[in-house]
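First residue of the sequence shown: 9, per this note's numbering; consecutive thereafter.
Here's the structure, in structure tokens; my notes come after.
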Amino acid sequence: MNKIIQIYPWIDKEELIQVSKVIKSTFLTENKYTKKFEQKFRSITGAKYAIAINNWTMGLFCCLKALNIGKNDEVIVPDITFIASANAVILAGAKVILCDVDSKTLNISTSNIEKLISKRTKAIMPVHLYGNSCDMTKILKIAKKHNLKIIEDAAQGLGVFHKKKHVGTIGDVGGISFYGNKLITTGEGGIILTNKKKIYNEILQLKNHGRKTKGKFIHEKIGYNFMFTDLQAAIGLAQINKLKKIINKKLKIYKYYKSHIKNNEDIKYIEKVDKTLSVYWFSNIITKQASKLKKFLSEKNIQTRNCFYPLSLQPCYKKNNSIIKKYVNKKNSLNIYKSFLSLPSAVQININELNHVIKNINSFYEKKNKTIGKFS
Ligand SMILES: Cc1ncc(COP(=O)(O)O)c(C=O)c1O
Numbered sequence: 009m010n011k012i013i014q015i016y017p018w019i020d021k022e023e024l025i026q027v028s029k030v031i032k033s034t035f036l037t038e039n040k041y042t043k044k045f046e047q048k049f050r051s052i053t054g055a056k057y058a059i060a061i062n063n064w065t066m067g068l069f070c071c072l073k074a075l076n077i078g079k080n081d082e083v084i085v086p087d088i089t090f091i092a093s094a095n096a097v098i099l100a101g102a103k104v105i106l107c108d109v110d111s112k113t114l115n116i117s118t119s120n121i122e123k124l125i126s127k128r129t130k131a132i133m134p135v136h137l138y139g140n141s142c143d144m145t146k147i148l149k150i151a152k153k154h155n156l157k158i159i160e161d162a163a164q165g166l167g168v169f170h171k172k173k174h175v176g177t178i179g180d181v182g183g184i185s186f187y188g189n190k191l192i193t194t195g196e197g198g199i200i201l202t203n204k205k206k207i208y209n210e211i212l213q214l215k216n217h218g219r220k221t222k223g224k225f226i227h228e229k230i231g232y233n234f235m236f237t238d239l240q241a242a243i244g245l246a247q248i249n250k251l252k253k254i255i256n257k258k259l260k261i262y263k264y265y266k267s268h269i270k271n272n273e274d275i276k277y278i279e280k281v282d283k284t285l286s287v288y289w290f291s292n293i294i295t296k297q298a299s300k301l302k303k304f305l306s307e308k309n310i311q312t313r314n315c316f317y318p319l320s321l322q323p324c325y326k327k328n329n330s331i332i333k334k335y336v337n338k339k340n341s342l343n344i345y346k347s348f349l350s351l352p353s354a355v356q357i358n359i360n361e362l363n364h365v366i367k368n369i370n371s372f373y374e375k376k377n378k379t380i381g382k383f384s
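Structure follows, in structure tokens:
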């Protein structure tokens, strides 16, 4: 059997047809297709405003800038996330306050947030990791009590709902990533979501050199170039047409793993918060045997992936005073990191491949249990 890749996008002739139309039009930069793409996202998420952006890392940066967060300000970020969440805060000039994560949901631990709030705290950045919503009900309460902004990092949250609201639209501002491994992709790219007109207007200017419209050379603000392209939008529109199928297939993959991996007290699954709808972007397991299992599967040509390395342990932050490590139990984060594995989860995975992965996982645990039996 060929190598089973953990994740890859579903691209076919539909994307080619859409991109060809843009190429034939010769208008490659942000234009009609981007408008249509943004319109689709307003209807998918229910957000009043949607702004396409060159990537979600810069999207996060724009959200922080639009909320006037910078020097001397602090933003609370979970210890386990992709590093871009924290780097955007550093780029905006503010300080990152790391918060513990919940060992069952892997998302920001709401019982620790209040301990981290100081006079300088301006915002909380919940990250909806692996398609599971954070406890937004509690986070909204805390933010309201302490007058804090909420920037939702829903990079991995497309299709995820909390009490019927799409993640990324619950706080002040949020957004989604379309990087190549995400639920849908535009290569690089992201979308910013908000219901607040002021934030929308600020971000429009920030992403387009500080002006309100293209083609004019009067710049009201100092801005940047974070524009999208119609080439990306064309791919995105083709991907949106597949979104329902992708979400359904991901759920099927997850359920198939869960029902065919033999019951085993050593394997657990991420838990979700009440009244939320998850999307199974990646099928993940939690097991003390993660590193041995990863090696075993790799020898069978099956690729798996670790979880994000805790920010509190990142070598690049060791001597950086923009990261303030408070109330982070490094052992807890490290345990999560060490016991987590993303299984092959691409939409195109076929039943033979799935059965092959499952057979090998089951045989790994059978062998392990036999070994334990011999020595006990
Ligand atoms: C949680 C999280 N935040 C931020 C990002 C950054 O998004 P992008 O790659 O679009 O810049 C990612 C992307 O992988 C992510 O997973």
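Even glycine gets a Cβ: it sits at the ideal position worked out from N, Cα and C.
- Remark: C-beta atoms of I61 and F234 approach each other more closely than 7 Å.
- Of all C-beta pairs linking the region 164-179 to the region 13-32, fewer than three are shorter than 8 Å, placing the two stretches out of contact.
- A distance below 7 Å separates the beta carbons of S141 and V168.
- If you check the C-beta of Y187 against ligand 1, you find a heavy atom less than 6 Å away.
- When the Cα atoms are used, K48 and Y57 turn out to be separated by approximately 11 Å.
- Non-local C-beta neighbours of F316 in its own chain, meaning closer than 7 Å and more than five positions away in sequence, comprise I88, T89, F90, ordered along the chain.
- Shortest gap from the CB of F90 to any heavy atom of ligand 1: under 6 Å.
- Here M9 is exposed. Its C-beta has fewer than 16 other C-beta atoms within 10 Å.
- Distances from the CB of T113 to the heavy atoms of ligand 1 are all 6 Å or more.
- Judged by DSSP in its simplified three-state form, H154 adopts helix.
- Proximity to R50 across L148, G67, I248 peaks at I248, based on C-alpha coordinates.
- Nearest C-alpha to G218 among Y232, V97, K206, K205: Y232.
- The beta carbons of I77 and I121 sit no closer together than 7 Å.
- Linking K215 to K260 through their CA atoms gives a straight-line distance of about 38 Å.
- Relative to the Cα of D161, the nearest Cα in the group N155, M144, K172, K152 belongs to M144.
- Looking at K327, V365, I254, the one whose alpha-carbon comes closest to that of F304 is V365.
- Its Cα nearest to that of H174, the residue N203 stands out among T194, K152, K190, N203.
- If only uninterrupted alpha helix (DSSP H) runs of at least 4 residues are considered, those enclosed by the region 250-316 are 251-268, 298-307.
- Looking at the DSSP output, D161 shares a beta bridge with V135, G183.
- In this chain, the beta strand (DSSP E) harbouring S350 covers 348-351.
- Three or more beta-carbon pairs separated by less than 8 Å are not found between the region 64-74 and the region 270-282, which leaves the two stretches without contact.
- Contact check between the region 79-87 and the region 189-196: fewer than three CB pairs, one atom from each, fall below 8 Å, which does not count as touching.
- DSSP, reduced to helix, strand and coil, places H227 outside both helices and strands of the structure shown, so it counts as coil.
- Setting aside the 5 residues that flank it on each side, H227 is surrounded in the same chain by H217, G218, R219, each with a C-beta closer than 7 Å to its C-beta; the list follows chain order.
- At least 7 Å separates the beta-carbon of Y265 from that of S299.
- In the DSSP assignment, V109 is bridged to I116.
- For N363 and K308, the gap between their C-alpha atoms comes out near 13 Å.
- Q164 has its Cβ nearer than 6 Å to a heavy atom of ligand 1.
- Non-local beta-carbon contacts of Q356 in its own chain, meaning distances under 8 Å to residues more than five positions away in sequence, involve Y16, W18 in chain order.
- In the DSSP assignment, V30 falls within the alpha helix (DSSP H) that extends over 21-33.
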